[in-house]
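Everything below concerns the one structure shown next.
Number of protein chains: 2
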Amino acid sequence: MRRIKLTVAYDGTNYCGWQVQPNGITIEEVLNKKLSTLTKEDIRVIGASRTDSGVHALGNVAVFDTESTIPPERMALALNQKLPEDIVIVKSQEVPLSWHPRYQDNITKTYEYHIYNARTANPMKKRTSTFVYVPLDVEKMRKGAAYLVGEHDFASFCCIRTNTEDTVRRIDSLEVEERPCTEGDFSYREAEAKEIVVRVSGNGFLYNMVRIIAGTLIRVGRGFYEPEKVKEILEARVRTEAGVTAPPQGLVLMEIRYGEE
Amino acid sequence: MRRIKLTVAYDGTNYCGWQVQPNGITIEEVLNKKLSTLTKEDIRVIGASRTDSGVHALGNVAVFDTESTIPPERMALALNQKLPEDIVIVKSQEVPLSWHPRYQDNITKTYEYHIYNARTANPMKKRTSTFVYVPLDVEKMRKGAAYLVGEHDFASFCCIRTNTEDTVRRIDSLEVEERPCTEGDFSYREAEAKEIVVRVSGNGFLYNMVRIIAGTLIRVGRGFYEPEKVKEILEARVRTEAGVTAPPQGLVLMEIRYGEE
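Going line by line, the protein sequences match chains A and B. Heads up, the first sequence stops at 1615 in the numbering used here, and the numbers go up one at a time, no gaps. Heads up, the second sequence stops at 1615 in the numbering used here, and the numbers go up one at a time, no gaps.
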C-alpha cells in the first residue's frame, strides 16, 4: 500500500465545490470516480482544502492510498487522460502513509482574489474574476489590508454559518497588486481597465475568510469604508460578514506549502 | 432612421462563431434577437469580422439601423441587460447611415493569439489559450515573425477552403510577447510556466490567416522549423496550411480601428 499526494488544479465554474454532496457534481467526486476506474480499487481521496462552489484552484492537494503498480510520479499523466478538461493533476508523488494533507505543522496557504475593474465587463474574464465598475482606489485598499497582517482573531471575517471555536489565524502577507491589463491601451476602453489582485498567504483561513476580506477591501477601494474601518471591523470580533462576501468566481487557491518542503 | 455602431466583446467558447447559420447558435443571431426585442423592430446587424467558432473578441464591430428613441450611447447599457453573460456591448454610438463596418478606408485590425506554455495544462486558461507543453524559444519565434511584417502575398497563410482572389495584405506589426505568468513562481510548477502572446496588426486578414501564422510560429518555437523557413513558406505562395492552423480558443479579435478615429 502506498499513499500518493496529488496537486490538483481546476476551473471550479461547473462544480459544486470540492466536497462530495448529494445535489451536484464536485471535484472530489470526479477524482474518486476516475481514480477508482484507473486503479480498479475503491478510492476515496482526502483533500486539503474544501473549496466552495465556483471557486478555482491551481494548487489544491489531495491524497489517496493504493495498491496500484503505476509509478507515483506517472499517476498524474495517467489520471489526466481520464479527467475532464477543467480538472488537471499538476503533480503526483509518493508520501509516507501517515502523511495527512490537513494535519501538518507549518502549512502555508496562498489565495488570490481577482477583480476586473473597468467601465464595462469583460466576457473573457467573467468566470475567473469579479467585475467592479466603480473605479477602485488601490492605495486605500493597501492601507486597509495592512491592518490584517499578523496573528489576529478573525471572528469578524468568518461566515456565520460555521461553528469554528478558534478563530485566531496568522496572515503572513496580504498584498493588493495592480496587474497590467492588455486591453487597457485600446481607445474604446479609454485606458481605464485594470485587474486588481488581492494576494494573501497565511497558516489557515476561516470559512469564507478570503472572500470577506476581498469584499471588505472592495468597499475600501470604492470609498465606502475608510481604510481605518478595517481595523475597527477586525477589533469588533463580531461575525458581521453579511453583505460583504465577494463572489466565488474571483477566488483561486494558488498553493498549499508544507513546512517540510 | 439612425445607424448605430456597436463595439462587441464575447467569450466565443459556446458559440458557432459570428455568422448566422442553421446548425448552432451564433453571436450575430443573439444580437439580432435581443436587438429586435429591445427595439420592437426586425433588426439584422452587419458585422465587421465573421469570427470562427470558438474564437473570442474584445472589439468586434457591428452596425444596425433603427427608429428607436433610445439614445445611441445608452443602447449598450439597455442591450447588456438582455444579453447572456458571455456577450457584452462595450460601446454604442451613432454613425452616418452610409457607414459600413467592412467598407472603409484605413481599417486596422488587431488580433492576439494566446499560448500557455508549461509542463502541465492550466484549466483556468483552457478556454482562452492553446496549451503547448514543449518549451518554446521566443527569440526564434520573433525572428520568424519578422519575415511576415510588411505588404506580402499571404496565399501560403490562407485556408484552402476559400475563393479569395486577392491574397495580398499588409501586416503593420507582429510581436511575440512573453507575459508574466503569476503561477510561474510556485514550486510545483518549477518556474517554467509562461504565457506567449502573438500580437498582430494589419489592414486585413485572410481566412484563418492569424491562426496559420500562430501555428507556424509555434513550429518555429518548438525547433521544428528554423526561423528562415517562414520566409520560404511566404515566398512559396502555395496554400500549404494543412496541419498548422492553431486551434480557435487562443484567438482574440482585440480591436478594429477605423482611419477616421
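We treat Cβ as the ideally placed atom computed from N, Cα and C, and that holds for glycine.
Contacts around residue i, its chain only, beta-carbon distance under 8 angstroms, and the 5 residues preceding and following it disregarded
i: Ala1432/B; result: Leu1392 and Ile1424
i: Thr1599/B; result: Cys1513, Asn1562, Arg1565, Ile1566 and Gly1569
i: Val1442/B; result: Val1362, Ala1363, Tyr1364 and Asn1434
i: Leu1571/A; result: Met1495, Gly1498, Ala1499, Val1530, Val1552 and Val1584
i: Tyr1457/A; result: none
i: Gly1504/A; result: Arg1524 and Ile1525
i: Thr1518/B; result: Cys1512, Leu1560 and Tyr1561
i: Gln1447/A; result: Ile1358, Lys1359, Pro1426 and Glu1427
i: Ala1590/B; result: Ser1510
i: Asn1386/A; result: Val1374, Ile1397, Arg1398 and Val1399
i: Val1335/A; result: Only positions 1355 to 1615 of chain A appear in the structure, and residue 1335/A is not among them; the question remains open.
i: Trp1453/B; result: Arg1357, Lys1359 and Val1417
i: Val1415/A; result: Lys1359, Leu1360, Thr1361, Val1362, Gly1401, Ala1402, Ser1403, Pro1455 and Ile1610
i: Ser1541/B; result: Residue confidence is low: Ser1541/B scores 45 on pLDDT, short of 50, so the model does not pin down where it sits. Its coordinate-derived value is still stated next. Result list for Ser1541/B: empty, nothing under 8 angstroms.
The alpha helix (DSSP H) enclosing residue i, as first and last residue numbers
i: Ser1390/B; result: Ile1381 to Thr1393
i: Ile1617/A; result: Residue 1617/A is absent from the structure shown; chain A starts at 1355 and stops at 1615.
i: Val1449/A; result: From DSSP, Val1449/A is part of no alpha helix (DSSP H) but of the beta strand (DSSP E) over Ile1441 to Val1449.
i: Met1429/B; result: Met1429 to Asn1434
i: Arg1496/A; result: Val1492 to Ala1500
i: Ile1587/B; result: Glu1582 to Ala1590
From the options, residue whose alpha carbon lies closest to that of residue i
i: Thr1619/B; options: Thr1518/B, Glu1395/B and Leu1360/B; result: The requested residue 1619/B does not occur in the structure, where chain B is confined to residues 1355 to 1615.
i: Glu1481/B; options: Ile1610/A, Tyr1364/A and Thr1599/A; result: Inspection of the sequence shows that residue 1481/B is occupied by Arg rather than by Glu. Here the closest residue by C-alpha is Tyr1364/A.
i: Phe1559/B; options: His1506/B, Val1551/B and Val1530/B; result: His1506/B
i: Lys1585/B; options: Lys1359/B, Gly1401/B, Gly1498/B and Gly1408/B; result: Gly1498/B
i: Pro1455/B; options: Ile1572/B, Leu1588/B and Leu1360/B; result: Leu1360/B
i: Val1486/B; options: Arg1404/B, Ile1550/B and Phe1418/B; result: Ile1550/B
i: Pro1438/A; options: Asn1476/B, Pro1376/B, Phe1511/B and Glu1519/B; result: Asn1476/B
i: Gln1466/A; options: Phe1508/A, Lys1436/A and Leu1528/A; result: Note that residue 1466/A corresponds to Glu in the displayed sequence, not to Gln. It is Leu1528/A.
i: Leu1412/B; options: Pro1581/A, Thr1484/A and Met1478/A; result: Met1478/A
i: Asn1471/B; options: Ser1483/B, Thr1462/B and Thr1516/B; result: Ser1483/B
i: Pro1450/A; options: Ser1555/A, Met1355/A and Glu1582/A; result: Met1355/A
i: Val1554/B; options: Leu1588/B, Ile1587/B and His1468/B; result: His1468/B
Cutoff 6 angstroms; reference residue i; Cβ partners in own chain excluding five residues on either side
i: Gly1613/B; result: Asp1459 and Asn1460
i: Gly1366/A; result: Gly1408, Val1409 and His1410
i: Arg1404/A; result: Trp1372 and Gln1373
i: Leu1502/A; result: Ile1525 and Leu1528
i: Arg1611/A; result: Thr1462
i: Glu1609/B; result: Gly1413 and Thr1464
i: Ser1422/A; result: Thr1393
i: Pro1581/B; result: Lys1494, Lys1497, Gly1498 and Val1574
i: Thr1516/B; result: Tyr1561
Sequence-distant residues of its chain with Cβ nearer than 7 angstroms to residue i (five each side left out)
i: Asp1406/A; result: Gly1371 and Pro1602
i: Asn1368/B; result: Asp1440
i: Glu1532/A; result: Val1492, Lys1548 and Ile1550
i: Lys1445/B; result: Thr1361 and Ala1430
i: Ala1557/A; result: Note that residue 1557/A is Asn in the sequence shown here, rather than Ala. Correct list, in chain order: Ile1461, Thr1462, Arg1523 and Arg1524.
i: Lys1436/A; result: Lys1388, Thr1391 and Leu1392
i: Thr1521/B; result: Asp1507, Phe1508, Ala1509, Cys1512 and Leu1560
Run of the beta strand (DSSP E) containing residue i, from where it starts to where it stops
i: Lys1548/A; result: Lys1548 to Gly1556
i: Phe1511/A; result: No beta strand (DSSP E) holds Phe1511/A; DSSP gives it neither H nor E.
i: Leu1360/A; result: Arg1356 to Tyr1364
i: Asp1419/A; result: His1410 to Thr1420
i: Val1530/A; result: Val1522 to Arg1533
i: Glu1466/B; result: Ile1461 to Asn1471
i: Glu1609/A; result: Leu1605 to Tyr1612
i: Thr1484/B; result: Thr1484 to Val1486
- Is the stretch 1379-1388 of chain B touching the stretch 1602-1614 of chain A, taking contact as three or more C-beta pairs under 8 angstroms? no
- Message: Residues of the stretch 1467-1480 of chain A in Cβ contact with chain B at a cutoff of 7 angstroms, in chain order, please.
- Response: Thr1474, Ala1475, Asn1476, Pro1477, Met1478 and Lys1480
- Message: Under 8 angstroms, CB to CB, which of the residues in the stretch 1557-1570 of chain A have a partner in chain B?
- Response: If the cut-off is 8 angstroms between Cβ atoms, the stretch 1557-1570 of chain A has nothing near chain B.
- Task: Check each residue of the stretch 1357-1383 of chain A: if its Cβ is closer than 8 angstroms to any Cβ of chain B, include it; give the result in chain order.
- Result: The stretch 1357-1383 of chain A vs chain B, Cβ under 8 angstroms: Thr1361, Ala1363, Tyr1364 and Asp1365.
- At least three beta-carbon pairs within less than 8 angstroms, the stretch 1574-1583 of chain A to the stretch 1485-1495 of chain A: yes
- With 7 angstroms as the C-beta to C-beta threshold (strictly closer), list the residues of the stretch 1434-1448 of chain A near chain B in chain order. Glu1439, Asp1440, Ile1441, Val1442, Val1444 and Lys1445
- Message: Taking beta-carbon pairs under 8 angstroms, can you tell me which members of the stretch 1394-1412 of chain A lie near chain B?
- Response: His1410 and Leu1412
- Using a Cβ-Cβ cut-off of less than 9 angstroms, give me the residues of the stretch 1482-1493 of chain A that come near chain B, in sequence order. Thr1482
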